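Number of protein chains: 2
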Amino acid sequence: MTYPDTKNKGKGESGGQSAKLSPKEDFSQWYHELLMTGEIIDNRYPVKGMCVWFPFGFAIKKNVYGIIRQLLDPDHQETLFPLMIPENEFMKEAQHIKGFEEEVYWVTCGGTTPLEVKLALRPTSETAIYPMFKLWIRSHADMPLRIYQIVNTFRYETKHTRPLIRLREITSFKEAHTVHATWEEAAEQVEVAIKRYSEFYRRLAIPFLVSRRPSWDKFPGADYTTAIDVIMPDGKTLQVGTAHHLGSTFAKTYEITYEAEDGEQKLVNQTCYGISERCIAALISVHGDDKGLALPWEVAPVQVVIVPILLGDKEKVLEVCRDLLRILQQAGIRVELDTSDERPGAKFYKWEMKGVPIRLEVGPRDIEKGVVTVVRRDAEKLTLPREGLAQALVREAERLQAALYQRAEAFANSRIREVASIDEARAQTEAGVALVPWCEKEECGHQLEDLVEANMLGEPQYKSFSPAACAVCGKLTDKRTYMARQY
Amino acid sequence: MTYPDTKNKGKGESGGQSAKLSPKEDFSQWYHELLMTGEIIDNRYPVKGMCVWFPFGFAIKKNVYGIIRQLLDPDHQETLFPLMIPENEFMKEAQHIKGFEEEVYWVTCGGTTPLEVKLALRPTSETAIYPMFKLWIRSHADMPLRIYQIVNTFRYETKHTRPLIRLREITSFKEAHTVHATWEEAAEQVEVAIKRYSEFYRRLAIPFLVSRRPSWDKFPGADYTTAIDVIMPDGKTLQVGTAHHLGSTFAKTYEITYEAEDGEQKLVNQTCYGISERCIAALISVHGDDKGLALPWEVAPVQVVIVPILLGDKEKVLEVCRDLLRILQQAGIRVELDTSDERPGAKFYKWEMKGVPIRLEVGPRDIEKGVVTVVRRDAEKLTLPREGLAQALVREAERLQAALYQRAEAFANSRIREVASIDEARAQTEAGVALVPWCEKEECGHQLEDLVEANMLGEPQYKSFSPAACAVCGKLTDKRTYMARQY
Chain A
886 MTYPDTKNKG KGESGGQSAK LSPKEDFSQW YHELLMTGEI IDNRYPVKGM CVWFPFGFAI
946 KKNVYGIIRQ LLDPDHQETL FPLMIPENEF MKEAQHIKGF EEEVYWVTCG GTTPLEVKLA
1006 LRPTSETAIY PMFKLWIRSH ADMPLRIYQI VNTFRYETKH TRPLIRLREI TSFKEAHTVH
1066 ATWEEAAEQV EVAIKRYSEF YRRLAIPFLV SRRPSWDKFP GADYTTAIDV IMPDGKTLQV
1126 GTAHHLGSTF AKTYEITYEA EDGEQKLVNQ TCYGISERCI AALISVHGDD KGLALPWEVA
1186 PVQVVIVPIL LGDKEKVLEV CRDLLRILQQ AGIRVELDTS DERPGAKFYK WEMKGVPIRL
1246 EVGPRDIEKG VVTVVRRDAE KLTLPREGLA QALVREAERL QAALYQRAEA FANSRIREVA
1306 SIDEARAQTE AGVALVPWCE KEECGHQLED LVEANMLGEP QYKSFSPAAC AVCGKLTDKR
1366 TYMARQY
Chain B
886 MTYPDTKNKG KGESGGQSAK LSPKEDFSQW YHELLMTGEI IDNRYPVKGM CVWFPFGFAI
946 KKNVYGIIRQ LLDPDHQETL FPLMIPENEF MKEAQHIKGF EEEVYWVTCG GTTPLEVKLA
1006 LRPTSETAIY PMFKLWIRSH ADMPLRIYQI VNTFRYETKH TRPLIRLREI TSFKEAHTVH
1066 ATWEEAAEQV EVAIKRYSEF YRRLAIPFLV SRRPSWDKFP GADYTTAIDV IMPDGKTLQV
1126 GTAHHLGSTF AKTYEITYEA EDGEQKLVNQ TCYGISERCI AALISVHGDD KGLALPWEVA
1186 PVQVVIVPIL LGDKEKVLEV CRDLLRILQQ AGIRVELDTS DERPGAKFYK WEMKGVPIRL
1246 EVGPRDIEKG VVTVVRRDAE KLTLPREGLA QALVREAERL QAALYQRAEA FANSRIREVA
1306 SIDEARAQTE AGVALVPWCE KEECGHQLED LVEANMLGEP QYKSFSPAAC AVCGKLTDKR
1366 TYMARQY
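Here the protein sequences line up with chains A and B, keeping their order.
Position 282 of the first sequence, counted from 1, bears residue number 1167 in the numbering used here, the numbering being contiguous throughout.
Position 250 of the second sequence, counted from 1, bears residue number 1135 in the numbering used here, the numbering being contiguous throughout.
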């Protein structure tokens, strides 16, 4: 597939490649423009909250979800369950339905015939999958069972929708569901899930926070929820992954039991964990800049672009470029040679917009010296010998990955601050994330949210703190909570 | 992923691995049992016509659709469009809506709120995609545009449903849509589509028929439809791929125009072509036998299984088996070593059921001689030296592929017969496909269908025939039509 094919597809009233991008400082505007100009998402589909993936955006998504599959496949099995859930199954689990009933799309007619049983479009698939788990689980030998699916899910969002972030059709929800004999094994699985997700975001060079959500913000039906958040350029946080310990709540409702070794029938314990295309929103937002997308090597549809500098013996320049193209392709690098009629400057601009990690410039002087000029997407410029170029580029890609991560981490760190009081927390959450002493009483938590006018992300995981006074009641505590304005 | 993990997942009231499969002769029963026992599809989901993919079935599907992607990706771009189509867009194209209105699922409520505009779940995506094409196409330079998506689609089937064959949720519809400047270029694209699909079915070792559907059976809105059918074990045909020349029908409705080189605005010409999970139904049905699945090498989730024959020095046998496992894995072969407690006979039975192309048996006597015993899924048995085994197995897999195809082709040929009269056609379509002289008059065609009590698949493509009398009116014609009972 050659991506230059799509060069005109993003044009239209609101976009087009020749349009200059707003500065990233003006984040919301920049984000919307970049989705169109970078050919990620076309937001002109005639239903609010439902978007079209451009081929280039789809290719990024495919690479990103390829990493998720790599991380899960060693001990999870991919499956596929139906989209529609009959009303009676959907309505069985009381806490769960309470959490979702305002958001569910209902199918009520087939052709011109009203359906006897209304069908819900999955907002998430617990109520589709667990009636089948009841049939699949017989004995302790059937566990642990770990499955996942990547599917479209639907939520009738009444709030302002935003492409990739708040959608009515989530096109690519990766949801994993696991079944275990004991509560402890399920708790361990939640840790495993968070570890895998952490590895996933590290591979995308995206720094993140891990928090245990407060009880009033956990998944409907869960014992507890651990979540991953990313700090976006405007200082608001985006929840980009969650893992839920479901205990035996759904097992009771759907009668999922197993015969223990002593012959007794016991309820199973379950977890579920999910990631949606919000991971793409984070990817674009964290790394992009005023010039456009900046994609990590592993997920870039085009990893290297070769731009011939057509001076002097043009045929000779093109010949060298074609040689390089072939050599890099053979090395498994996703590479394009841009032989279009545009001037080099226009090509640089275009491929920077597309986030291509490494640009090669090849002109007569480079050829004379046996080198190529290498420009990384973070503007680092160097010269490399043509001999052994493929390996050198892979090493350079690693350096770029480290640089992307460092830049992102520096930004994230600059937006997190420990605070002691409600006033400080309010000021800090204007710009980022506040780390606030909290005694863990629910009452103090609600007061914090009200007074700070921000959300509690919950207790940071894998961290410990020295005692400080709860920002509400003043009681000494070694606990903290993250607070932020959330997407 | 280790498939033995799923060994108990297919159990239940109606299935389970220990159940003996009905003979393939009793095709309908055999098919339903095999889907469950072979762990392809769980048909116990509580909505008619909607099924769950078991992990093993999903893995087959993933490999099969991997071939489709390989065949399309060189000149098509993968995209993703929304599932829901607003009523006003859906209702624009009159012929099209007439073809689908009885089959469309309608979403009418979001939460407890009735929607202002009803939303159709795509039965196919022309009416979702073409309003966007209107925005994407500006000039002749934007064409040809070739995109595809693999998505779930929905049809409210009122006929008897059948897993993978007649579904209310088609989980994996690959639909391609192309746009061209001229009618002739679109016609060429239909030929390209049929060529790609032909290659696809050849790689699955499945023989097929290519026909131009009669005008009364073309896609709603198309100029013409070319279709691919497979003869199933019971002699009925299954339509497993279609390519439609849409002319400018949708271009008119959705105002998709381009600026020609002379500056004039012209209507585009379009095609679309699709394949659904019916390709998996064909795969299973054509190659399977009384012992279970028989999978072509390229799509088998497990290509080779190693069964240790634990006699004499058991540790030595296991050591050799583990060595082989590592060597074959390193060669990129999907291989399992079955070290479960079952006896070899039970293991043979299990992996034959799963359709594994090649089984290796390794016992003390094999080890002594430096060989392994190789049993192909078509029961060919041979001995191969351990030295250079990986390459030898790949060659053996090619022979197996040829054998699978030959067997399937012999069956298909035995079920096609040229006939001269309506009576002969009626007799032949009891058992298979009749090739009937037809003058191409619509009136004669309808009479043929009525009198033969079978469907007209249409005119065979890429074939020529000598003159014969139309089976209805007796007029001399060099045209034929396939006739068959269809799924």
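Just so it is clear, CB atoms sit at the ideal spot from N, CA and C, and this is done for glycine as well.
Please read all numbers here as calculations on a predicted model, not as lab measurements.
Closer than 7 Å at the C-beta level to chain B, one finds these residues of the segment 1032 to 1057 of chain A: I1032, N1037, Y1041, E1054 and T1056. Bridge pairing for R954(A): absent [DSSP]. Cβ contact annotation for Y1372(A) (same chain, cutoff 6 Å, sequence separation greater than five): I1050, K1121 and L1123, in chain order. As DSSP reads the structure, V1259(A) sits in a beta bridge with L1245(A) and L1267(A). Under the 8 Å criterion on CB atoms, F939(A) is classed as interfacial with respect to chain B.
The C-beta of H1172(B) has 16 or more other C-beta atoms within 10 Å across all chains shown, which makes the residue buried.
Under a criterion of Cβ atoms nearer than 8 Å, the residues of chain A adjacent to E974(B) are, in order, P931. For G934(B), the three-state secondary structure derived from DSSP is coil.
In this structure, the beta-carbon distance from M921(A) to R1053(A) does not fall below 8 Å. Per the coordinates, the alpha-carbon of L1267(A) lies some 57 Å from the alpha-carbon of K1360(A).
S1349(B) and D1363(B) have their C-alpha atoms spaced approximately 7 Å apart. Going by DSSP, M969(B) is part of the beta strand (DSSP E) stretching over M969 to P971. Relative to L1089(B), the option among I1252(B), E1144(B) and Y1290(B) whose CA is nearest is Y1290(B). Residue pairing by DSSP places L965(A) opposite W938(B) in a beta bridge. Contact of T964(B) with chain A by beta-carbon distance below 8 Å involves V937, W938, F939, P940 and F943. The CB of E986(A) comes closer than 9 Å to the CB of G996 and T997 in chain B, given here in chain order. The residues Q1034, in chain order, have a CB closer than 6 Å to that of L965(A) in the same chain once the five nearest residues on each side in sequence are set aside. Residue pairing for S1133(A): DSSP places it in no beta bridge. Rounded to whole angstroms, E1303(A) and A1353(A) show a C-alpha spacing of 11 Å. Rounded to the nearest whole angstrom, the C-alpha separation of V1318(B) and K909(B) is 19 Å. Residues of chain B whose Cβ lies closer than 8 Å to the Cβ of P908(A) do not exist; the shortest such Cβ separation is about 27 Å.
Taking one beta carbon from each stretch, the segment 1201 to 1219 of chain B and the segment 1147 to 1166 of chain B have fewer than 3 pairs nearer than 8 Å; the two do not touch. When the five nearest sequence neighbours on each side are left out, the beta carbons in the same chain lying within less than 7 Å of the beta carbon of Y1109(B) are those of R1097, K1103 and H1130, in order along the chain.
With its beta carbon less than 8 Å from one in chain B, L1004(A) belongs to the interface. In this structure, G996(A) sits near E988(B), with a CB-CB distance shorter than 8 Å. The DSSP-derived three-state label of D927(B) is strand. By the 16-neighbour rule on beta-carbons within 10 angstroms, S1057(A) is buried.
Of the other Cβ atoms in all chains shown, 16 or more fall within 10 Å of the Cβ of N1340(A); this residue is therefore buried. What P1016(B) touches in chain A, judged by beta-carbon distance under 7 Å, is P931, going in chain order. Around the beta carbon of R1228(A), a 10 Å sphere encloses fewer than 16 other beta carbons of the protein chains shown; the residue is thus reported as exposed.
By the C-beta criterion, the segment 1010 to 1025 of chain A is judged not to be in contact with the segment 929 to 944 of chain A, since fewer than 3 inter-stretch pairs fall below 8 Å.
For V1220(B), no Cβ of chain A is located within less than 8 Å of the residue's own Cβ.
Legend: CB atoms of the segment 1018 to 1029 of chain A lying less than 8 Å from CB atoms of chain B belong to residues L1020, W1021, R1023, S1024, A1026 and D1027. Contact between the segment 1202 to 1213 of chain B and the segment 1156 to 1169 of chain B is absent, with fewer than three C-beta pairs closer than 8 Å.
Contact between the segment 1016 to 1036 of chain B and the segment 1142 to 1149 of chain B is established, with three or more Cβ pairs separated by less than 8 Å.
When V1256(A), A1061(A), P1118(A) and S1225(A) are compared, the shortest CA-CA separation from R1081(A) is found for A1061(A).
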